[in-house]
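For reference, the structure discussed in these notes is given below.
Residue numbers (our numbering), protein chains in the order written: chain A, 1 to 418; chain B, 1 to 418.
Encoded structure:
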């Protein structure tokens, strides 16, 4: 059997696939002595689960709603009615008013990005070749293999700022961006994997440059405002013409539903609708039905404020204390990116004598699942020691798993350093 | 804003999009005096709806199932457990035994095909360029724009057999297929739009030739066995190594759930998993949860036999009687493809003086939605009058809509013929 070039490319190396497969096999194995610090599965929080269950029940008991949900196709990017309700509801969170033709639904925001990134990069209608600017790498692993053409990413190296002895922060470097080669800008805010929440003034600068170059600025708010709103003390992201914002139901605790929401100008939504018709035929109805309940009851911002933010802040604090204590005891050289938002800790081990890929493999043998940082630099050609010396950990796990994970990582890192 | 070449191509012409948008706008408009004979929405059948509701309720009341369904990502193509249960359940319907690694879930079978068709066509890993053979055109509209490269379809003209004065049938023409240029074969059985159910001996011939050429044979069973099993008296399709079968929950009455199931060799499933990770991250959990209930209770084959087949057979009979009576009264020249399976009537108007595209436009102005047949011949270079003279109608609508649609079509066709 011969495969197409694109299929071959995908099967060769695919960070997001190995991550998702780790997640699948970790779940199906015994959970004794496993430290699953790899995936982005949201935590199970009973107070939130109760509200989600009640939303599902309200759909089922509202006469005829379930039958229509199960039995009707909607349009490729969602029903006009739900799109209009969503525009009316979401506008206030983004400092603007929105219309229904500025909203599109997808089976998760990953699904939306597979269409978005291919709309604004690669071989263009005028014959030019444009790249996707990742203004600060590391950036989300799931973008890396989504483009149908190769060499489509331009990774812009960050400025590394040391903030405290064991903390650092990446910052946008505005020099040397080859804007004339760029077809769109893609940023996650908070950034997965680092937890960076870009300053609004830097977002504004990216926006201004994007407008000058007549290209869209994509901001992935999977962990951002208005839900789950894990952005610490930073300012929320706002929408302006030319921006493409992506929201998700996954990180509030509903990844099994697969709902991604795109906010953009109508002409961009129309392009996405063409892709969605071909790739999805229609978007699933469960996510849309839940959205209608949540908008009506204004649930998600409240859940975010009262349940998710305190929960994750507490988890983060605990994880940091455990890890720093264990690392100190084992004399590990390390520095953690300032955890400003999201689910992850991005840890740098300066002068790590093995590669992060090897560290991942050794950890996996001990049932400690981490994500090697090398995946998060698609398109990078410059040398940058962080590509080989960083790992991503989720902090959303049980205390026991964090302890076990930190101990094993510390042992491996300090052993290989000697 | 400049778009990529692929985005531009998709926004230019996209049959499946205009069809799905018609469907969306028809729903949201007044339903008075509308004849919606365009889409493939399954009928609402209360006996079936009751069983589906009860399956949803059993998921919700089974302790913890809903929380896991909502709150856990599964692997890109579904959980190992559900894949294994599905293999064990489905094998018997396809004359074989199946393993979990031969099963993959997608957000609808359209979603699966967007990955499949691009895996086995276009620029190949060895640098050659391969096409998708549509062995009998017309073939499903939704395939046409799914490939990322252009000129990827090879449409094989059928033999047209007159069966009765107002009936005909397309048959596989085995001569002149340029096998050396083909990367895979794609057939829907029953065929959407025609209702053709290819004879098993022709399927066997395609299978043998595909094996000789080391390429996969894709058979789309959206309307086929084992559910909804709308294949009349024809033999069900069987699975053999090298075949890729596609099943869907849509046509049993659950299009809003978005579940497609692929049965194939493990190495093909593995390729699809790479695509799914990138394009979907994970597949939705609702469809998988329903599948587990349906397999356990052996529901779908029974629903198909006892509810769906009698219902659609009756609808078909009624529609044929209405249409033939109205066409005869209006002296319309017409011939209908033998309706062997599926939801549709494929009607040929010999010597139609306007194109089917124009017929669609005129009908739409009168609130009669049909699908122009010209969409269903992707890759056809040969002359074939049927491309301009055929339309597709769904027969699954109310008597009143069929009457109204047939009268308006008859009036337009006979008026323009004079």
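Think of the CB as a built atom: it goes at the ideal place given N, C-alpha and C, for glycine as much as any other residue.
- The beta carbon of residue 197/B lies closer than 7 angstroms to those of 189, 190, 231, 232, 234, 340 and 341 in the same chain, with the five residues before and after it left out.
- Inclusion of residue 336/A and residue 403/A in the CB contact set at 9 angstroms is not warranted, their separation being larger than that value.
- Short of 6 angstroms from the beta carbon of residue 71/B, and not among the five residues preceding or following it, lies no beta carbon of its own chain.
- Apart from the 5 residues on each side of it in sequence, residue 315/B sits with its Cβ closer than 6 angstroms to the Cβ of 395 and 396 in its chain, given in chain order.
- Counting C-beta pairs with one atom in each stretch, the segment 387-394 of chain A and the segment 7-17 of chain B have fewer than three that are closer than 8 angstroms, which means they do not touch.
- In this structure, residue 303/A lies near residue 48/A, with their beta-carbon atoms less than 9 angstroms apart.
- If you keep only unbroken alpha helix (DSSP H) runs of at least 4 residues inside the segment 179-254 of chain A, you get 200-212.
- Note on geometry: alpha-carbon atoms of residue 312/A and residue 138/A lie some 22 angstroms from one another.
- When C-alpha distances from residue 91/B are compared across 226/B, 209/B, 10/B and 346/B, the shortest belongs to 226/B.
- In this model, residue 328/B and residue 247/A are separated by some 55 angstroms (Cα to Cα).
- Only those residues of the segment 59-83 of chain B whose C-beta falls short of 8 angstroms from the nearest C-beta of chain A are listed: 60, 66, 67, 68, 69, 70, 71, 72, 73, 74, 75, 76, 79, 80 and 81.
- For residue 285/A, the number of other beta carbons within 10 angstroms of its own is at least 16, and it is reported as buried.
- Against residue 336/B, chain A offers no close residue; the least beta-carbon distance is about 25 angstroms (beta-carbon pairs closer than 7 angstroms).
- Contact annotation for residue 3/B against chain A: 119, 120, 124, 125 and 271 [CB-CB distance below 8 angstroms, chain order].
- Look at residue 239/B: its C-beta is not under 9 angstroms from any C-beta on chain A.
- For residue 374/A, no alpha helix (DSSP H) segment is defined, and its DSSP state is neither H nor E.
- Taking a Cβ-Cβ cut-off of 9 angstroms, the neighbours of residue 257/B in chain A comprise 69, 70, 284, 285 and 286, given in sequence order.
- For residue 275/B, the nearest CB of chain A lies under 9 angstroms from its own CB, placing it at the interface with that chain.
- Contact of residue 356/A with chain B by beta-carbon distance below 9 angstroms is absent, the smallest such distance being about 20 angstroms.
- Per DSSP, the beta bridge partners of residue 260/A are 106/A and 248/A.
- Under the three-state reduction of DSSP output, residue 1/B falls in the coil class, being neither helix nor strand.
- Closer than 9 angstroms to the CB of residue 253/A there is at least one CB belonging to chain B.
- For the segment 326-374 of chain A, the continuous beta strand (DSSP E) assignments of 3+ residues that do not extend past its boundaries occur at 335-337 and 344-348, in sequence order.
- With a threshold of 9 angstroms between beta carbons, residue 342/A makes no contact with chain B.
- Look at residue 148/B: its C-beta is under 9 angstroms from a C-beta on chain A.
- In this structure, 89/A is the residue among 89/A, 351/A, 37/A and 128/A with its C-alpha nearest to the C-alpha of residue 293/A.
- At least 9 angstroms separates the CB of residue 266/A from every CB of chain B.
- In the three-state reduction of the DSSP assignment, residue 174/B falls in the coil class, being assigned neither a helical nor a strand state.
- For the 9 angstroms CB-CB criterion, residue 413/A and residue 345/A do not form a contact.
- For residue 382/B, there is no enclosing beta strand (DSSP E), as DSSP marks it with neither H nor E.
- Taking a C-beta distance under 9 angstroms as the contact criterion, residue 178/B and residue 373/B do not qualify as a contact pair.
- In the three-state DSSP reduction, residue 120/B falls in the coil class, being neither helix nor strand.
- Residue 343/B places its beta carbon 9 angstroms or farther from that of residue 135/B.
- In the three-state reduction of the DSSP assignment, residue 44/B falls in the coil class, being assigned neither a helical nor a strand state.
- Look at residue 145/A: its C-beta is under 9 angstroms from a C-beta on chain B.
- Counting along the chain, residue 82/B sits inside the alpha helix (DSSP H) bounded by residues 80-90.
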